[in-house]
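Peer 1:
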Amino acid sequence: MPTPNNPPFPAALRLFSVVVIIVLIIGAGLFFAPVLVKPGWPWAVTPFNARFLGGFYTAEMVVMAALLFWNRWSPGRLVLVMAFIFTAIVSVASFVNLGYFNFGRKAPWLWFLVYLGSVAVSGMFLWRARARPSAKGVTLSSAWRGYMPVESVILGLYGVGLLLFPLTFSSIWPWPVDAFHAQVYSAIFLAGAGGIYLVWRSAPREELLVLGLAQFLVGLLAILGLVITDAAVHRIDWTATGTLCWLALFGWIGISGVFKLYAASRYFMSQSAS
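In this text, residue positions in the sequence shown follow our numbering: the first is 2, and each later residue adds one.
So, in C-alpha cells, the structure goes:
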C-alpha cells in the first residue's frame, strides 16, 4: 500500500515502463529466438554475444515489470538508478564505437533513440525526486552490512576495468569478446554495483527482493545461455582457467541473488506475522 514516504509513481513513468518492457521483449528474443532477432539487431552479434545479451535483457524485463507491479518509489528508486547507470554507459560505449552501426538501416537510429530517451527519462525522474528520502527499510544483519559493500566494490571495479581496458578484462570470458561488447557488458556490472550500494545504504524490502531477483536471473541466464549456445557450436573449453573464472563470477552473482531473495522473503513473512 502507498505510504507518505513511499508514494506511487506518476502515470507518465508507468507509460514509460510499458514502452521499455516492449523494447526489452525484443532484446529478450536474442536469448529465446536468436535466429529471428539477430538479423534485425542494430549491429552484428555472434551466437554467444547474442545469447548473453538476450539473457540480460530478459532479467531487465522482469525488473521493469516489478516497477509496474509495485508502482511505488520503492522499488522504483532502485530500478531507475540501475537503468540510468546502464543506459548511460551503453550510450557512451555506442558513441565511442559508431563503426559497429550501419546507419543506412533503421535499427541503429532506434537503438540510440531508445537509449538516449531512457537516460533522459530516468535521469529526469531521479532528479525530481532527489530530495525524497528512501522508503522505510529493514535492518540488515551484520553479515549483510559487511558483505554488500565488498560485493559492490568487486563488481564496480570489474565494470570499470571492462570499460577502460576492455580487451584485458574480458580475456577471461569463454568466448572472444571485442572492445565494444566488453564496454557494453561493463554497464551490467556497474549498474549492479550501484544497485547494491543503494540497497546497502537503505534496504526497503521491495528493493532487496528486486535486487536479488535481478542478480539471480543475470547469473542463471548467463550460464544457461553459454551452455545452450555451446551445445550447438561446440567452441567452449570448459576446463580453461578463464572459463572457470567466468563461471565462478556469474555463479557468485546468481547465488548472491538467491540469498537476497531469501532474506527479503523472511522480512516479508515477519511483516505479515506482525
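Ideal Cβ placement from N, Cα and C applies to all residues, glycine included.
(1) Within 10 Å of its beta-carbon, does Ala261 have 16 or more other beta-carbons around it, so buried, or fewer, so exposed?
(2) So the alpha helix (DSSP H) Lys107 belongs to, where does it begin and stop?
(3) Can you round the beta-carbon distance between Pro43 and Phe102 to whole angstroms, since I take them to be within the 8 Å contact cut?
(4) Count the other C-beta atoms from every protein chain shown that fall within 10 angstroms of the C-beta of Leu99, then say buried if there are 16 or more, exposed otherwise.
(5) So Pro76 packs on Pro205, CB below 8 Å; how close in whole Å?
(6) Using DSSP bridges, identify the partner residues of Arg52.
(7) Note down the Cα distance separating Pro109 from Leu25, rounded to an integer number of angstroms.
(8) Around the Cβ of Arg106, are there at least 16 other Cβ atoms within 10 angstroms (buried) or fewer (exposed)?
(9) Residue range of the alpha helix (DSSP H) that Ala132 falls in?
(10) Would you decide whether Gly196 is buried or exposed? Buried here means 16 or more other CB atoms lie within 10 Å of its CB.
(11) In terms of residues, what are the limits of the alpha helix (DSSP H) holding Ser143?
(12) Less than 6 Å between C-beta atoms, sequence neighbours within five positions excluded: which residues of the same chain meet that for Phe87?
Peer 2: Concretely, from the data shown:
(1) Here residue 261 refers to the residue found at position 260 of the sequence shown. First, the residue type needs correcting, since residue 261 is Lys and not Ala in the sequence shown. Label assigned to Lys261: buried.
(2) In the sequence shown, counting from the first residue as 1, residue 107 sits at position 106. Start and end: 107 to 129.
(3) Translated into the one-based positions of the sequence shown, residue 43 becomes position 42. Translated into the one-based positions of the sequence shown, residue 102 becomes position 101. 6 Å between Cβ atoms; contact.
(4) On the sequence shown, position 98 is the one that residue 99 refers to. Result: exposed.
(5) Against the sequence shown, residue 76 aligns to sequence position 75. Against the sequence shown, residue 205 aligns to sequence position 204. At roughly 7 Å, the Cβ-Cβ gap stays under 8 Å, so Pro76 and Pro205 are in contact.
(6) Locating residue 52 in the sequence shown gives position 51, where the first residue counts as 1. Note: Arg52 sits in no beta bridge, so no partner.
(7) Working through the sequence shown from its first residue, we reach residue 109 at position 108. Working through the sequence shown from its first residue, we reach residue 25 at position 24. Looking at the two C-alpha atoms, the distance is approximately 16 Å.
(8) Start at 1 with the first residue of the sequence shown, and residue 106 comes out as number 105. Arg106 comes out exposed.
(9) By 1-based counting over the sequence shown, the position of residue 132 is 131. Segment: none, Ala132 is in no alpha helix (DSSP H) and carries neither H nor E.
(10) Translated into the one-based positions of the sequence shown, residue 196 becomes position 195. By the neighbour-count rule (16 or more Cβ atoms within 10 Å), Gly196 is buried.
(11) Here residue 143 corresponds to residue number 142 of the sequence shown, with the count starting at 1. Segment 143 to 165, the alpha helix (DSSP H) holding Ser143.
(12) As a working mapping, residue 87 is identified with position 86 in the sequence shown. Excluding sequence neighbours, Phe87 sits near Ala188, Ala192.
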